[in-house]
Amino acid sequence: MGLRESLGKRSHEVTPASEYQRKRFRSPQGDQTSSNRKVILPIFEPSGLLALDSHSKEGIQLQHVEPHDSVSPTAFYVKNSVPLRKQTHFQAIVYDDSDEAYAAKFDLLDRSNYLVGRKLTFDDKLEEENDDSREIVLAQIPIPEETCSKQHCVIQFRNREGRLKPYVIDLDSSNGTLLNGVALPRARYVELKNEDVLRFSTNESESGHFLMFLSA
70 MGLRESLGKR
80 SHEVTPASEY
90 QRKRFRSPQG
100 DQTSSNRKVI
110 LPIFEPSGLL
120 ALDSHSKEGI
130 QLQHVEPHDS
140 VSPTAFYVKN
150 SVPLRKQTHF
160 QAIVYDDSDE
170 AYAAKFDLLD
180 RSNYLVGRKL
190 TFDDKLEEEN
200 DDSREIVLAQ
210 IPIPEETCSK
220 QHCVIQFRNR
230 EGRLKPYVID
240 LDSSNGTLLN
250 GVALPRARYV
260 ELKNEDVLRF
270 STNESESGHF
280 LMFLSA
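Here it is as C-alpha coordinates:
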(Lines of atoms letter the chains of each structure in order from A and count residues from 1; the text may use other names and numbers.)
(Lines give C-alpha, C1' and ligand atoms only; values in the text may rest on other atoms or scores of the structure.)
Protein backbone atom coordinates (compact mmCIF):
# COMPACT_ATOMS: atom_id res chain seq x y z
CA MET A 1 0.00 0.00 0.00
CA GLY A 2 1.45 3.40 -1.02
CA LEU A 3 1.95 6.37 1.29
CA ARG A 4 -0.91 8.41 -0.12
CA GLU A 5 -3.32 5.46 -0.07
CA SER A 6 -2.61 4.71 3.57
CA LEU A 7 -2.89 8.36 4.56
CA GLY A 8 -6.27 8.63 2.85
CA LYS A 9 -7.79 6.23 5.36
CA ARG A 10 -7.40 8.43 8.43
CA SER A 11 -10.36 10.40 9.68
CA HIS A 12 -10.34 14.20 9.43
CA GLU A 13 -11.33 16.56 12.24
CA VAL A 14 -13.56 19.17 10.62
CA THR A 15 -14.35 22.38 12.46
CA PRO A 16 -16.53 25.13 10.94
CA ALA A 17 -14.64 28.41 10.71
CA SER A 18 -17.85 30.21 11.61
CA GLU A 19 -17.79 28.70 15.10
CA TYR A 20 -14.77 30.82 15.99
CA GLN A 21 -16.06 33.97 14.33
CA ARG A 22 -19.23 34.08 16.49
CA LYS A 23 -17.19 34.73 19.63
CA ARG A 24 -16.04 38.07 18.24
CA PHE A 25 -19.51 39.62 18.14
CA ARG A 26 -22.25 40.36 20.65
CA SER A 27 -25.84 41.11 19.85
CA PRO A 28 -26.37 44.91 19.85
CA GLN A 29 -28.31 46.14 22.89
CA GLY A 30 -30.62 49.09 22.35
CA ASP A 31 -31.83 51.47 25.05
CA GLN A 32 -35.20 51.06 26.76
CA THR A 33 -36.98 53.33 24.28
CA SER A 34 -35.92 51.17 21.36
CA SER A 35 -36.37 47.78 23.01
CA ASN A 36 -39.13 46.86 20.58
CA ARG A 37 -37.11 47.80 17.54
CA LYS A 38 -36.02 44.90 15.33
CA VAL A 39 -32.32 44.13 15.71
CA ILE A 40 -30.34 43.18 12.60
CA LEU A 41 -27.52 40.83 13.55
CA PRO A 42 -24.32 40.28 11.53
CA ILE A 43 -24.31 37.53 8.92
CA PHE A 44 -21.58 35.03 9.76
CA GLU A 45 -19.95 33.53 6.68
CA PRO A 46 -17.83 30.37 7.25
CA SER A 47 -14.51 31.94 6.28
CA GLY A 48 -14.85 35.23 8.20
CA LEU A 49 -15.90 37.54 5.38
CA LEU A 50 -16.91 40.34 7.78
CA ALA A 51 -13.32 41.55 8.17
CA LEU A 52 -12.32 41.50 4.51
CA ASP A 53 -12.68 45.23 3.84
CA SER A 54 -9.39 46.00 5.60
CA HIS A 55 -7.67 42.78 4.59
CA SER A 56 -5.72 43.08 1.33
CA LYS A 57 -2.34 42.55 -0.32
CA GLU A 58 -1.05 44.05 -3.57
CA GLY A 59 -4.43 45.79 -3.80
CA ILE A 60 -6.22 42.43 -3.88
CA GLN A 61 -8.67 41.46 -1.16
CA LEU A 62 -7.54 38.43 0.83
CA GLN A 63 -10.12 35.74 1.41
CA HIS A 64 -8.76 34.28 4.64
CA VAL A 65 -9.42 35.85 8.03
CA GLU A 66 -7.60 34.21 10.93
CA PRO A 67 -9.52 32.66 13.86
CA HIS A 68 -9.20 34.16 17.34
CA ASP A 69 -6.81 31.40 18.49
CA SER A 70 -4.28 31.78 15.67
CA VAL A 71 -0.62 31.66 16.70
CA SER A 72 2.72 31.11 15.02
CA PRO A 73 4.81 28.13 16.19
CA THR A 74 7.58 30.52 17.28
CA ALA A 75 5.22 32.66 19.37
CA PHE A 76 3.64 29.56 20.91
CA TYR A 77 7.00 28.09 21.93
CA VAL A 78 8.24 31.37 23.39
CA LYS A 79 5.03 32.06 25.32
CA ASN A 80 4.93 28.55 26.76
CA SER A 81 8.71 28.28 27.34
CA VAL A 82 8.94 25.10 25.27
CA PRO A 83 12.57 23.89 25.18
CA LEU A 84 14.12 23.43 21.73
CA ARG A 85 14.33 19.65 22.06
CA LYS A 86 10.55 19.46 22.56
CA GLN A 87 9.57 21.81 19.74
CA THR A 88 7.85 20.35 16.69
CA HIS A 89 9.31 21.51 13.39
CA PHE A 90 6.81 22.02 10.56
CA GLN A 91 7.58 21.99 6.85
CA ALA A 92 5.70 22.10 3.56
CA ILE A 93 7.44 20.36 0.67
CA VAL A 94 6.21 20.78 -2.91
CA TYR A 95 6.79 17.90 -5.32
CA ASP A 96 6.40 17.52 -9.08
CA ASP A 97 4.83 14.20 -10.07
CA SER A 98 7.41 13.81 -12.83
CA ASP A 99 10.43 14.22 -10.53
CA GLU A 100 11.38 12.33 -7.37
CA ALA A 101 13.30 15.34 -6.03
CA TYR A 102 11.26 18.05 -4.34
CA ALA A 103 10.61 21.29 -6.20
CA ALA A 104 10.52 23.60 -3.16
CA LYS A 105 10.70 23.41 0.63
CA PHE A 106 9.19 25.83 3.15
CA ASP A 107 9.81 26.02 6.90
CA LEU A 108 6.58 26.86 8.71
CA LEU A 109 7.69 28.65 11.85
CA ASP A 110 7.39 32.43 11.99
CA ARG A 111 3.87 32.95 10.64
CA SER A 112 0.52 31.88 12.07
CA ASN A 113 -0.80 31.11 8.59
CA TYR A 114 0.61 30.31 5.16
CA LEU A 115 -1.38 30.95 2.01
CA VAL A 116 -1.01 28.33 -0.73
CA GLY A 117 -1.65 29.67 -4.22
CA ARG A 118 -0.68 29.77 -7.86
CA LYS A 119 2.61 31.13 -9.20
CA LEU A 120 3.32 30.04 -12.76
CA THR A 121 6.59 31.95 -13.23
CA PHE A 122 9.52 30.97 -11.03
CA ASP A 123 12.19 32.99 -12.83
CA ASP A 124 12.24 36.18 -10.72
CA LYS A 125 14.92 37.77 -12.91
CA LEU A 126 12.75 37.30 -15.99
CA GLU A 127 9.82 38.89 -14.17
CA GLU A 128 11.91 41.94 -13.27
CA GLU A 129 12.90 42.39 -16.92
CA ASN A 130 9.25 42.25 -17.97
CA ASP A 131 7.74 44.31 -15.19
CA ASP A 132 4.62 45.19 -17.21
CA SER A 133 3.59 41.53 -17.28
CA ARG A 134 4.70 40.77 -13.73
CA GLU A 135 2.61 38.06 -12.11
CA ILE A 136 0.96 39.13 -8.85
CA VAL A 137 1.66 36.40 -6.31
CA LEU A 138 -0.18 36.42 -2.99
CA ALA A 139 0.93 33.05 -1.63
CA GLN A 140 3.73 32.27 0.80
CA ILE A 141 3.72 28.73 -0.63
CA PRO A 142 3.50 29.05 -4.44
CA ILE A 143 2.30 26.18 -6.63
CA PRO A 144 3.29 26.24 -10.33
CA GLU A 145 0.13 24.95 -12.01
CA GLU A 146 -3.07 26.25 -13.54
CA THR A 147 -5.43 24.15 -11.42
CA CYS A 148 -4.29 26.01 -8.29
CA SER A 149 -6.14 29.25 -7.51
CA LYS A 150 -4.18 32.36 -6.49
CA GLN A 151 -5.80 31.99 -3.06
CA HIS A 152 -6.36 28.25 -2.94
CA CYS A 153 -6.01 27.12 0.68
CA VAL A 154 -4.31 28.11 3.93
CA ILE A 155 -2.24 26.23 6.47
CA GLN A 156 -3.32 27.75 9.79
CA PHE A 157 -1.68 27.23 13.19
CA ARG A 158 -3.91 27.49 16.25
CA ASN A 159 -3.66 27.27 20.02
CA ARG A 160 -6.27 24.65 20.90
CA GLU A 161 -6.62 24.39 24.68
CA GLY A 162 -2.90 24.90 25.20
CA ARG A 163 -1.78 22.70 22.31
CA LEU A 164 -0.30 23.91 19.02
CA LYS A 165 -2.22 22.37 16.12
CA PRO A 166 -1.95 22.87 12.34
CA TYR A 167 -5.04 23.02 10.14
CA VAL A 168 -5.82 23.43 6.46
CA ILE A 169 -8.80 25.32 5.07
CA ASP A 170 -9.90 25.46 1.42
CA LEU A 171 -10.74 29.04 0.41
CA ASP A 172 -13.61 28.08 -1.87
CA SER A 173 -11.04 27.43 -4.61
CA SER A 174 -12.07 26.91 -8.24
CA ASN A 175 -10.98 23.27 -8.45
CA GLY A 176 -11.09 22.22 -4.80
CA THR A 177 -8.43 20.61 -2.61
CA LEU A 178 -7.65 16.95 -1.99
CA LEU A 179 -6.26 15.80 1.36
CA ASN A 180 -4.86 12.29 1.00
CA GLY A 181 -7.18 11.75 -1.96
CA VAL A 182 -10.29 13.00 -0.12
CA ALA A 183 -11.96 16.28 -1.13
CA LEU A 184 -11.83 18.94 1.58
CA PRO A 185 -15.09 20.64 2.54
CA ARG A 186 -15.20 24.29 1.53
CA ALA A 187 -14.26 26.89 4.15
CA ARG A 188 -13.88 24.39 6.99
CA TYR A 189 -10.83 23.75 9.14
CA VAL A 190 -9.39 20.24 8.96
CA GLU A 191 -6.51 19.24 11.22
CA LEU A 192 -3.26 18.32 9.45
CA LYS A 193 -1.14 15.33 10.41
CA ASN A 194 2.45 14.40 9.62
CA GLU A 195 2.96 13.33 5.97
CA ASP A 196 -0.47 14.51 4.85
CA VAL A 197 -0.63 15.16 1.11
CA LEU A 198 -2.48 18.08 -0.49
CA ARG A 199 -3.39 18.36 -4.16
CA PHE A 200 -4.92 21.40 -5.78
CA SER A 201 -7.72 19.90 -7.84
CA THR A 202 -10.34 17.33 -6.94
CA ASN A 203 -9.57 15.78 -10.33
CA GLU A 204 -6.23 14.20 -9.47
CA SER A 205 -5.36 13.59 -13.13
CA GLU A 206 -5.32 17.38 -13.71
CA SER A 207 -2.86 18.02 -10.87
CA GLY A 208 0.85 17.68 -11.58
CA HIS A 209 2.12 18.88 -8.20
CA PHE A 210 1.40 18.03 -4.60
CA LEU A 211 2.36 19.37 -1.19
CA MET A 212 3.47 17.15 1.66
CA PHE A 213 3.04 18.50 5.19
CA LEU A 214 5.67 17.36 7.69
CA SER A 215 5.78 17.72 11.47
CA ALA A 216 8.66 16.22 13.41
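If you're matching positions, the sequence shown starts at 70 in our numbering and goes up one per residue. No residue lacks a Cβ here, since even glycine has one placed at the ideal position from N, Cα and C.
On the criterion of 16 or more Cβ atoms from any shown chain inside 10 Å, does residue i qualify as buried, or is it exposed?
i, result
"D265", "buried"
"I129", "exposed"
"I212", "buried"
"A208", "buried"
"V205", "Residue 205 is actually Ile in this sequence, not Val. With fewer than 16 Cβ atoms within 10 Å of its Cβ, I205 is classed as exposed."
"G231", "exposed"
"H221", "buried"
"V223", "buried"
"L153", "exposed"
"S242", "buried"
"L189", "exposed"
"A161", "buried"
"K219", "buried"
"S270", "buried"
"L280", "buried"
"H137", "exposed"
"R227", "buried"
"H158", "exposed"
"D168", "exposed"
"D239", "buried"
"S276", "buried"
"A170", "exposed"
"A256", "buried"
Who does residue i pair with in a DSSP beta bridge?
i, result
"Q221", "Inspection of the sequence shows that residue 221 is occupied by His rather than by Gln. Partner(s): none; H221 has no beta bridge."
"S284", "F159"
"D239", "C222, R255"
"I210", "V185"
Which of the three DSSP states, helix, strand or coil, is assigned to residue i?
i, result
"S274", "helix"
"G245", "coil"
"K234", "strand"
"I205", "coil"
"L261", "coil"
"L131", "coil"
"F269", "coil"
"P111", "Any reading at P111 must be qualified, since the residue scores a pLDDT of 48, below 50, and its modelled position is unreliable; the value itself is stated next. The answer is coil: DSSP assigns P111 none of H, G, I, E or B."
Segments assigned alpha helix (DSSP H), at least 4 residues, entirely inside the stretch 133-179
142-148
Taking one C-beta from the stretch 248-259 and one from the stretch 179-189 each time, how about it: are there three or more such pairs within less than 8 angstroms?
no
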